[in-house]
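S.K.:
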Amino acid sequence: MSVFVPPGVKYRDILEDKHQLIDVQMLVNLFNSVAPKLQSILQNSNEEYIVAWGKLKNEISSQDSAIESESLILGIDMVYNNRYQGFLKNIDSFKDVSEKLAKRIDSHIQTNEKELLQLIMQSKSLVPSILDLFKDVDKLEEDIIHMFDELSDFLNEISSHYKALSNFRAKCTN
Numbered sequence: 155m156s157v158f159v160p161p162g163v164k165y166r167d168i169l170e171d172k173h174q175l176i177d178v179q180m181l182v183n184l185f186n187s188v189a190p191k192l193q194s195i196l197q198n199s200n201e202e203y204i205v206a207w208g209k210l211k212n213e214i215s216s217q218d219s220a221i222e223s224e225s226l227i228l229g230i231d232m233v234y235n236n237r238y239q240g241f242l243k244n245i246d247s248f249k250d251v252s253e254k255l256a257k258r259i260d261s262h263i264q265t266n267e268k269e270l271l272q273l274i275m276q277s278k279s280l281v282p283s284i285l286d287l288f289k290d291v292d293k294l295e296e297d298i299i300h301m302f303d304e305l306s307d308f309l310n311e312i313s314s315h316y317k318a319l320s321n322f323r324a325k326c327t328n
């Protein structure tokens with residue numbers, strides 16, 4: 155059974171829902187859903203950014219000197235690529251940890267599910283650690299969305315500055 159946790163739905167809310175039965179298999183499925191969810195959010199946001207950035211690059215290139223526009227474009231690309239690569243590394247880390255936990259738990263399910271459930275419930279440190287992991291995943295999702303919101307605002311601001319500059323230049327030449 156596969157679980158899809160859509161963007162915007164927090165793992166914390168699923169785990170703390172009193173009406174949701176969280177059995178061991180559900181926990182395995184939640185762990186296995188972490189990487190696909192984060193990768194999907196990053197990919198969708200990145201596609202939107204690429205379209206908006208492409209339009210702005212053309213606008214910048216057509217209005218400024220080649221050296222100024224190239225310098226600005228390279229600077230923005232460099233900052234963006236560093237942030238994007240950082241998110242990819244974080245997603246890979248979460249993917250690695252969550253898949254290992256899922257495999258480990260799944261192998262115990264095959265042997266004795268009741269024994270594993272007892273161990274989980276008796277372990278005072280395991281349950282908070284699992285909750286902390288999912289809270290960290292929720293936080294990374296928020297960070298990805300926030301970064302792309304900031305980028306969108308930044309691109310809009312640059313665009314408005316370039317339009318104002320273009321209008322000013324047009325007035326000066328007339």
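Numbering of the sequence shown is given in the working numbering, commencing with residue 155 and proceeding in unit increments.
Note that CB positions come from ideal geometry on N, CA and C, so glycine has one too.
For S199 versus I298, is the C-beta spacing smaller than 9 Å?
M.R.: Working through the sequence shown from its first residue, we reach residue 199 at position 45. Working through the sequence shown from its first residue, we reach residue 298 at position 144. Yes, Cβ-Cβ distance for S199 and I298 is below 9 Å.
S.K.: Looking at the structure shown, is S219 part of a helix, part of a strand, or coil, going by DSSP?
M.R.: By one-based count along the sequence shown, residue 219 stands at place 65. Residue state, collapsed to three classes: coil.
S.K.: Of the choices S223, I230, K257 and K243, whose alpha-carbon is the least far from that of L196?
M.R.: Within the sequence shown, numbered from 1, the residue matching residue 196 stands at position 42. The shortest C-alpha separation from L196 is found at K243.
S.K.: Give the range of the alpha helix (DSSP H) segment to which D171 is assigned.
M.R.: Taking the first residue of the sequence shown as 1, we reach residue 171 at position 17. D171 -> no alpha helix (DSSP H), and no H or E assigned at all.
S.K.: Is it the case that the stretch 159-174 contacts the stretch 291-309, given that we only count it when at least three CB pairs across the two stretches are under 8 Å?
M.R.: At 8 Å Cβ cutoff, the stretches touch.
S.K.: Quick check: the stretch 246-262 against the stretch 172-186, are at least 3 beta-carbon pairs closer than 8 Å?
M.R.: Enough Cβ pairs lie closer than 8 Å, so yes.
S.K.: Does F308 come within less than 9 Å of chain D when only Cβ atoms are used?
M.R.: The displayed structure is made up of one protein chain only, and chain D is not part of it.
S.K.: Determine the contact status of E210 and L309, defining contact as a CB-CB distance below 9 Å.
M.R.: Residue 210 sits at position 56 when you count from the first residue of the sequence shown. Residue 309 sits at position 155 when you count from the first residue of the sequence shown. Correcting the residue identity first, residue 210 is Leu in this sequence and not Glu. Contact: yes.
S.K.: Give me the Cα-Cα distance between D260 and F158, rounded to the nearest whole angstrom.
M.R.: Here residue 260 refers to the residue found at position 106 of the sequence shown. Here residue 158 refers to the residue found at position 4 of the sequence shown. For D260 and F158, the distance between alpha carbons rounds to 18 Å.
S.K.: Apart from the five residues on each side of it in sequence, which residues of its chain come closer than 6 Å, Cβ to Cβ, to Q217?
M.R.: For the purposes of this step, residue 217 is identified with residue 63 of the sequence shown, where counting begins at 1. Excluding sequence neighbours, Q217 sits near Y316 and S320.
S.K.: Measuring only the C-alpha atoms, how far is A103 from L169?
M.R.: Residue 103 is absent from the structure shown; the chain starts at 155 and stops at 328.
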